[in-house]
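Let me begin by presenting the structure, written as structure tokens, before commenting on it.
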RNA sequence: GCGCCCAUAGUUCAGUGGAUAGAACACUAGCCUUCUAAGCUGGAUACGUAGGUCCGAUUCCUACUGGGCGCACCA
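Numbering (the numbering used here), first residue to last: 8 to 577.
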């Protein structure tokens, strides 16, 4: 247990002892609105029943009863209905700094998950279609959630599921086959090119009368795995997959396993036949459906009336494979909120089939543009590639502007980290139930609540370390030398990091980490301006350097949870 | 029609059943012979409407209004 958690437990325990019953939890102790009021606070409204006094009197009564026998608590004071505790700053500083030096990159982690096996599926690209900033939100959210759950002690298996077999594939291939010449010239990135062919296919579909039939025919050919269409499918599928690999590598995302829809269709059709026999599915208007009207879940179409598969055909056997082969307790699907009903239907079917594992649709709102909804079909999207290139170019300009003496290589390396950090942070800083209206101009700014601000904060502290010429910071310092108010504030903030990690894990909420880091960075920058380090007297200097090094460790750990790298210089 | 989500400052977002509702951007006035000005300091403005629960509601509940999304062969 971390220092602050321990202190809270102790206080709660003493309070309950004084009350003679278990009323207060450690989590009931919150931070007052400003630090002059104290460090931890108990609202005494909840004690009224036990004490039979009004809240204010309860607070005074409790303060007397506790009579300062709580470790780490220096004093108490009553303000109105609140009993506030002032923590012994030296004690906390010693504990926290030591703790961080000892645990380093593990600081903040806990064992809440008890090693439980959890599978989390995200990114979920479609081959033969564009990978755009909607997918970016998904992969950033999924990856950060994976990191956060790991930090909370879960055994997390990150996987992705790629749709390489839907009607969108048939559309793209039909357009490519019937219009090949147009696409032959100057194809730079083949995976990227497919996205453009798909957009054009949708245009043609509207304009050409026979298009629908042709697409259906192509679909059938691919499903039957025969003809020119199938051959081309195999080839072009690889283009997309290679393209995704490149993106994952760039983002630093590593999946344990990537599933493909095409690998589950055959098995799925067997399962569907069996479910038809069992009466879980039925035929209607020529199609195979699950009638879930009674459960208020509407109707789910499983197979089209022409016999081709819809998404549940592959999703069901995939879920089964996850449960059986990987032996997981919990299965998390990171998918856009618009598929909420579908997942309720899918989970219901799986439960009907007897699967008792926990299934979670971890949803998030979509990304739109200032001018309206994004649509892969119409091509009204900002593609991943386009965003990355703009971000990178802008990062490079900003970096070069500040470091005329840097080599091209050094600038490129920094710009890479800054641009990737910016992209990830833009996607994670907003809560998952907010629609993101993606404003590229704002995203290209590196001021204020941005990843660059966090990275910059880290880098400028690193610069102090370099100039200090002290190689290894040590935890053995005299904390009496950290007497500045801003120092206590920083230490208290660092002490709160573990509970932030816990909260982010409980709520699947990377934005919680993002906010914490920004607040911490603000405090570090404030300190940087107000308190000199290198010019301080020797012992004080050592203490300040040690404290700053723990602050940087926390920044690095937190950014790591968001998949963002730090820079030594920028 | 049914269901889900959202509504806080000019804008984009935080936040809590309780102590003065916070940031960032934008606007504006300052700060580079203290360690990186991608920074720091100062300055205005906000809880959609109406009820209910409660000692106390911006927070929970209900209705309404406004916006978004989903509901049979797209994924």
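In this text, a Cβ means the ideal position worked out from N, Cα and C, and glycines have one as well.
(message) Only counting the same chain, and skipping five residues up and downstream in sequence, which positions put a Cβ closer than 8 Å to that of residue 180?
(response) 135, 225, 229, 236, 239, 240 and 243
(message) Based on DSSP bridge pairs, tell me the residues matched to residue 172.
(response) Looking at the DSSP assignment, residue 172 forms no beta bridge with any residue, so it has no partner.
(message) Do residue 456 and residue 525 count as a contact pair if the criterion is CB distance below 8 Å?
(response) yes
(message) Going by DSSP in three states, residue 179 sits in which element: helix, strand or coil?
(response) helix
(message) For residue 145 and residue 541, what's the separation of their Cα atoms in angstroms?
(response) 44 Å
(message) For residue 317 and residue 310, which I take to be in contact (beta-carbon distance under 8 Å), what is that distance rounded to the nearest angstrom?
(response) 6 Å
(message) Using the Cβ count rule (16 or more neighbours within 10 Å means buried), how would you classify residue 509?
(response) buried
(message) Quick check: the Cα distance between residue 147 and residue 33, rounded to an integer number of angstroms?
(response) 32 Å
(request) Would you mind giving the Cβ-Cβ distance between residue 458 and residue 571, rounded to the nearest angstrom? I have them listed as a contact below 8 Å. (result) 6 Å
(message) With distance defined between alpha-carbon atoms, name the residue in 377, 447, 452 and 379 nearest to residue 406.
(response) 452
(request) Let me know the secondary structure DSSP gives residue 470 once reduced to three states. (result) helix
(message) So, with DSSP's three-state summary, where would you put residue 50?
(response) strand
(message) By the three-class DSSP mapping on this structure, what secondary structure does residue 85 have?
(response) strand
(message) Could you tell me which whole beta strand (DSSP E) segments of length 3 or greater appear in the stretch 332-364?
(response) 337-341
(request) Just the C-alpha distance for residue 449 and residue 396, rounded to the nearest angstrom, thanks. (result) 15 Å
(message) Rounded to the nearest angstrom, what separates residue 187 and residue 220 at their Cα positions?
(response) 19 Å
(request) Give the secondary structure of residue 484 by DSSP, where H, G and I count as helix, E and B as strand, and everything else as coil. (result) coil
(message) Tell me the residue span of the beta strand (DSSP E) that contains residue 307.
(response) 306-310
(request) Could you pull the start and end residues of the beta strand (DSSP E) that residue 290 belongs to? (result) 289-291
(request) Please classify residue 505: is it buried, with 16 or more other beta-carbons within 10 angstroms of its beta-carbon, or exposed? (result) buried
(message) Do residue 169 and residue 132 count as a contact pair if the criterion is CB distance below 8 Å?
(response) yes
(message) Considering Cα atoms alone, identify which of 196, 520 and 28 is closest to residue 561.
(response) 520
(request) Kindly indicate which residue of 259, 104, 379 and 150 has the alpha-carbon position closest to the one of residue 9. (result) 104
(message) What does the alpha-carbon distance come out to for the pair residue 303 and residue 348?
(response) 10 Å
(message) Please classify residue 67 as buried or exposed, where buried requires at least 16 neighbouring CB atoms within 10 angstroms.
(response) exposed
(message) Which residue marks the beginning of the alpha helix (DSSP H) containing residue 499, and which one marks its end?
(response) 492-502
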